[in-house]
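Each residue of the sequence shown is one higher than the one before, counting from 12 in my numbering. Here a beta-carbon is modelled for each residue, glycine too, at the ideal position from N, C-alpha and C. See structure below.
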Amino acid sequence: MSPKYRCNRVVKMYALYSRNVYVLGGLFAVLAFQIILSSYGLSSGVAVPLPPGVTGCILTGPVKSATFPAVWYTPAITDAIIFALTVYRAKTAFRSRSAAPTIRQFVKDGVLYFLVIFAANLSNVLTFAFAVDDLKAFGASFSQLITSVMISRLLLNLRGIGEKKTSRNTLICGRHAIRRPDGSL
Numbered sequence: 012m013s014p015k016y017r018c019n020r021v022v023k024m025y026a027l028y029s030r031n032v033y034v035l036g037g038l039f040a041v042l043a044f045q046i047i048l049s050s051y052g053l054s055s056g057v058a059v060p061l062p063p064g065v066t067g068c069i070l071t072g073p074v075k076s077a078t079f080p081a082v083w084y085t086p087a088i089t090d091a092i093i094f095a096l097t098v099y100r101a102k103t104a105f106r107s108r109s110a111a112p113t114i115r116q117f118v119k120d121g122v123l124y125f126l127v128i129f130a131a132n133l134s135n136v137l138t139f140a141f142a143v144d145d146l147k148a149f150g151a152s153f154s155q156l157i158t159s160v161m162i163s164r165l166l167l168n169l170r171g172i173g174e175k176k177t178s179r180n181t182l183i184c185g186r187h188a189i190r191r192p193d194g195s196l
């Protein structure tokens, strides 16, 4: 996943924890660790030899590389930390019965996002560790695609929290209702 998306999630955690600078600093430190270790893992990557006439670029690591799978397990660690922070904040909000719709959406989407992306990253690590050489990079493309789909879902669902359509001519944004005489929104 692109560092831009990870930064977005770090900023969301910063907002969820009421602008706590320790949360922000800690998560950016984890993100920096992820980027450095993933970059080091990618630097050990090699192109998969393709048969004549087949074009493409598939990156895999050396056969017994301990650093290349960092591309998948460091994002899994970052995701686990962000997931734990989200669950902790949601648990305290649900206990005090002050869970806003945003918190509920964070939990709902966060659990789904974490499970799907963690499973994709875990399958990549296991495939790289136990598959034959020709299949080591099998799940990498799927992992990138599903990450993009899941982060888009997360962002679109959060955007839709404040906008609730009540009738054909009314749009509610937060506490304010907007009516247009012609019925358009």
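Measuring straight from C-alpha to C-alpha, what distance separates R30 and P80? Position 19 of the sequence shown, counted from the first residue, corresponds to residue 30. Position 69 of the sequence shown, counted from the first residue, corresponds to residue 80. Distance between the alpha carbons of R30 and P80 is about 33 Å.
Three-way DSSP call (helix, strand, coil) for V34 in this model: Against the sequence shown, residue 34 aligns to sequence position 23. Three-state result, V34: helix.
Using a Cβ-Cβ cutoff of less than 7 Å, which residues in the same chain neighbour G121 once the five nearest sequence positions on both sides are dropped? Here residue 121 is taken as the residue at index 110 of the sequence shown, counted from 1. Taking C-beta separations shorter than 7 Å and ignoring five residues to either side along the sequence, the partners of G121 in its chain run F94, T97, following chain order.
Host alpha helix (DSSP H) of D90 (start-end): On the sequence shown, position 79 is the one that residue 90 refers to. From DSSP, the alpha helix (DSSP H) with D90 extends over 81-106.
Within this structure, are the beta carbons of D150 and S163 separated by less than 9 Å? Within the sequence shown, the letter at position 139 stands for residue 150. Within the sequence shown, the letter at position 152 stands for residue 163. For the sequence presented, residue 150 should be read as Gly rather than Asp. No, the pair does not count as a contact, with Cβ atoms beyond the cut-off.
Can you tell me whether L133 is helix, strand or coil according to DSSP? The sequence position of residue 133 within the sequence shown is 122, counting from 1. Looking at L133 - three-state DSSP - the assignment turns out to be helix.
Residues in the same chain with beta-carbon distance under 6 Å from T85, minus the five sequence neighbours each way, listed in chain order, please. To locate residue 85, count along the sequence shown from 1; it is residue 74. Excluding positions up to five away in sequence, the list reads Q45, L48, S49.
Within 10 Å of its beta-carbon, does L167 have 16 or more other beta-carbons around it, so buried, or fewer, so exposed? For the purposes of this step, residue 167 is taken as the residue at position 156 of the sequence shown. Its Cβ having fewer than 16 others within 10 Å, L167 is exposed.
Near L53, which residues of its chain fall below 7 Å by C-beta distance, leaving aside the five closest residues on each side in sequence? Locating residue 53 in the sequence shown gives position 42, where the first residue counts as 1. Excluding positions up to five away in sequence, the list reads V82.
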